[in-house]
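Taking my numbering, the leading residue of the sequence shown gets 1, the next gets one more, and so forth.
Ideal Cβ placement from N, Cα and C applies to all residues, glycine included.
Bear in mind the structure is a predicted one, so any value in this text is a computation, not a measurement.
Reviewing the structure listed below.
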Amino acid sequence: MKLGFIFSHGWAFNKSYWDNLLPHFKEHPCIVLDHGYYGLEYLPQVDKKIHWISVGHSLGLVKLLQSKNTFKALIGLQAFNNFLSSDKSLNRRRTLELTIMQKILTIVPRIL
Numbered sequence: 001m002k003l004g005f006i007f008s009h010g011w012a013f014n015k016s017y018w019d020n021l022l023p024h025f026k027e028h029p030c031i032v033l034d035h036g037y038y039g040l041e042y043l044p045q046v047d048k049k050i051h052w053i054s055v056g057h058s059l060g061l062v063k064l065l066q067s068k069n070t071f072k073a074l075i076g077l078q079a080f081n082n083f084l085s086s087d088k089s090l091n092r093r094r095t096l097e098l099t100i101m102q103k104i105l106t107i108v109p110r111i112l
């Protein structure tokens, strides 16, 4: 079965985050997701006939875990567990951190 790659960028980035890496994967089908922070969201359905290895940067890893897709493997780059816990106190902290990040991004986008 064919092997392909799915790339998922982190918070406050877009799909261009992966531009320098993609030339190294020319021999494989690749899907580069865009979560819509700076433009249109691009979250296509994946071909079930391909074994997908997914690579998530930061919050992009969580987005991959939340998707309905099945992966052969999942790789996290600079991924962190604050976004992965089901612990209630950690969820409150996570919600607060994301709310603050969203507010700062709308006020002074260059900070991030």
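query: Is the stretch 9-28 in contact with the stretch 57-76, if contact means three or more CB pairs nearer than 8 Å?
result: yes
- prompt: Which residues does DSSP pair with residue 42 in a beta bridge?
  reply: Taking the first residue of the sequence shown as 1, we reach residue 42 at position 42. Answer by DSSP bridge pairing, in chain order: 34.
message: Can you tell me whether residue 24 is helix, strand or coil according to DSSP?
response: Here residue 24 corresponds to residue number 24 of the sequence shown, with the count starting at 1. Of the three classes helix, strand and coil, the one that applies to residue 24 here is helix, per DSSP.
field: Short Cβ contact (9 Å threshold) for residue 53 with residue 3
entry: Walking along the sequence shown from the start, residue 53 turns up at place 53. Walking along the sequence shown from the start, residue 3 turns up at place 3. Their beta carbons are under 9 Å apart, which means residue 53 touches residue 3 by this criterion.
message: Just list the residues that DSSP pairs residue 60 with in beta bridges.
response: One-based indexing of the sequence shown puts residue 60 at position 60. Residue 60 is not bridged to any residue.
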